[in-house]
Amino acid sequence: MEHALNNDRSMDTTQYKQTIQSTFDKVSSRYDQNSFFGISAKRLARLLPAADGLQVLDISTGTGSVAIEVAINYPDAQIEAIDLSREMLEFAAKKVQQMRLPNIRFIQSDVDELTYPADRFDVVTCGYAMFFYPDMEASYRAICKTVKPGGQLIGSSFTNAAFNPYAELFLDRLKTKYDLSPPGEIKDRLKTAKNWQALVESSDYTDLEIIEEPIRYPVSVDEWWGLLNSAGYKSLLDQLKPEQLEAFKREHTAEVTAISDNGTIELNTDTLFCRVTL
1 MEHALNNDRS MDTTQYKQTI QSTFDKVSSR YDQNSFFGIS AKRLARLLPA ADGLQVLDIS
61 TGTGSVAIEV AINYPDAQIE AIDLSREMLE FAAKKVQQMR LPNIRFIQSD VDELTYPADR
121 FDVVTCGYAM FFYPDMEASY RAICKTVKPG GQLIGSSFTN AAFNPYAELF LDRLKTKYDL
181 SPPGEIKDRL KTAKNWQALV ESSDYTDLEI IEEPIRYPVS VDEWWGLLNS AGYKSLLDQL
241 KPEQLEAFKR EHTAEVTAIS DNGTIELNTD TLFCRVTL
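Under the UniProt record's numbering, think of the first position of the sequence shown as 1, with each following residue one higher.
Structure (structure tokens):
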């Protein structure tokens, strides 16, 4: 969920990362309630090469959905999974312990402070996170350096249609009534194949494949509100005062209910999967 910034365009990188970390610390225990994370993780894991003993880095692992699917499908792979949020990592580690998966190591780390040597990994995965990085192109190039020649970087992002029309209602009301909105450069990132093409072309590697897959299922209006409170959108809601939040929830859920089918909506989380061979 890419809307994890406040509307102060002067926010520096350190403040931004603190906001990201705080937001995802808060939602860690609810994050997996959003089924699309697990659905997309299964699909992303199927894109890895069929090889033994893969060395894999999962960046911005969150609660470990992608890392876990890779570990299940490639039991002899060794996976390092990093994230900025300690709470997300602790939740992920509990899941892995319960599932008895021995081949994942979780590390709290900033993607912009990677210390891995060049050509360290066969595959780097990144589920729904690349668009969060403040200097996305620089982060992407640094990540590519950790991949062996002939290795792959596999990432995912949401399409323009994802979460709409409900996200548009959400953002329009926040902007109109409270002057809150995510910066456009974050909000509009990696939503099209051309966006991914441009990112990949910012490095020395241009061998890429882009796959668009629909991920849609029914949710209640209450579940939609729960989604807003359990991923990146929460950083915007956190800027409202308690009385504002109560009023906003009432108004937004009413307008979503008005276009629902007896309180049920179709949640669109259509996804772009990008596979780059380095």
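Note that CB positions come from ideal geometry on N, CA and C, so glycine has one too.
Here the structure is a predicted model, which is why all the values come from computation and not from measurement.
Between which two residues does the alpha helix (DSSP H) containing N195 stretch? Position 195 of the sequence shown holds residue 195. Boundaries of the alpha helix (DSSP H) around N195: A193 to V200.
When you compare only the Cα positions, how much space is there between A41 and I72? By 1-based counting over the sequence shown, the position of residue 41 is 41. By 1-based counting over the sequence shown, the position of residue 72 is 72. Whole-angstrom Cα-Cα distance: 11 Å.
Report all residues from its chain with a CB closer than 7 Å to the CB of N7; omit the five preceding and five following residues, and keep chain order. Here residue 7 corresponds to residue number 7 of the sequence shown, with the count starting at 1. Low confidence applies to N7: its pLDDT is 41, below 50, so where it sits in the model is not reliable, and the reading given next is rough at best. Result list for N7: D179, L180 and S181, in chain order.
So R141 is in the beta strand (DSSP E); what residue range does that whole segment cover? Numbered from 1 along the sequence shown, position 141 holds the residue referred to as residue 141. Careful: R141 lies outside any beta strand (DSSP E), inside the alpha helix (DSSP H) at M136 to K145.
Between which residues of its own chain and residue 296 is the CB-CB distance below 7 Å, once the five residues before and five after are set aside? Residue 296 lies beyond the residue range present for the chain, which begins at 1 and ends at 278; the question has no answer from this structure.
Using the rule of at least 16 other Cβ atoms within 10 Å of the residue's Cβ for burial, across every protein chain shown, is residue 286 buried or exposed? The requested residue 286 is not part of the displayed model; the chain covers only 1 to 278.
Going by alpha carbons, who is nearest to D238 out of T206, T115, T23 and K148? Start at 1 with the first residue of the sequence shown, and residue 238 comes out as number 238. The candidate whose alpha carbon is nearest that of D238 is T23.
Taking the DSSP output, what are the residues bridged to Y217? Position 217 of the sequence shown, counting from 1, holds the residue named residue 217. Beta-bridge pairing by DSSP links Y217 to L267.
Could you pull the DSSP bridge partners for R105 from this structure? As a first step, residue 105 is located in the sequence shown; it is residue number 105 there, counting from the start. Bridge partners of R105: E80.
In or out: A258 buried (at least 16 other Cβ within 10 Å) or exposed? Taking the sequence shown and counting its residues from 1, one reaches residue 258 at position 258. Within a 10 Å sphere around the beta-carbon of A258 sit fewer than 16 other beta-carbons, which makes this residue exposed.
DSSP state of L228, grouped into three classes? In the sequence shown, the residue the question calls residue 228 occupies position 228. Of the three classes helix, strand and coil, the one that applies to L228 here is helix, per DSSP.
May I ask you to list the residues that DSSP assigns as paired with L44? Mapped onto the sequence shown, residue 44 falls at position 44. In the DSSP output, where bridge partners are listed per residue, L44 has none listed.
Three-state secondary structure (DSSP) at I72? What you label residue 72 is simply residue 72 of the sequence shown in a count that begins at 1. I72: helix per DSSP, three-state reduction.
Take F37 and list the residues in its own chain whose beta-carbon comes closer than 8 Å to its own, dropping the five residues that flank it on each side. Taking the sequence shown and counting its residues from 1, the one referred to as residue 37 is at position 37. Y31, G62, T63, S65, G127 and Y128, listed in sequence order.
Pick from D204, L245 and T192 that is closest to T271, judged by C-alpha positions: Working through the sequence shown from its first residue, we reach residue 271 at position 271. Of the listed residues, the one whose Cα sits closest to T271 is T192.
Sheet register partners of T125 (DSSP bridge): As a working note, residue 125 is residue 125 in the sequence shown. Paired residue(s): D58 and I154.
Might you give, ordered along the chain, the residues of its own chain that have their beta carbon closer than 6 Å to the beta carbon of L57, omitting 5 neighbours on each side? The residue you call residue 57 lines up with position 57 of the sequence shown. Taken in chain order, the residues that qualify are E80, F121 and V124.
Between the Cα of F158 and the Cα atoms of F131, K26 and G151, which residue gives the shortest distance? Stepping through the sequence shown from its first residue, residue 158 is reached at position 158. In terms of Cα proximity to F158, the closest of F131, K26 and G151 is F131.
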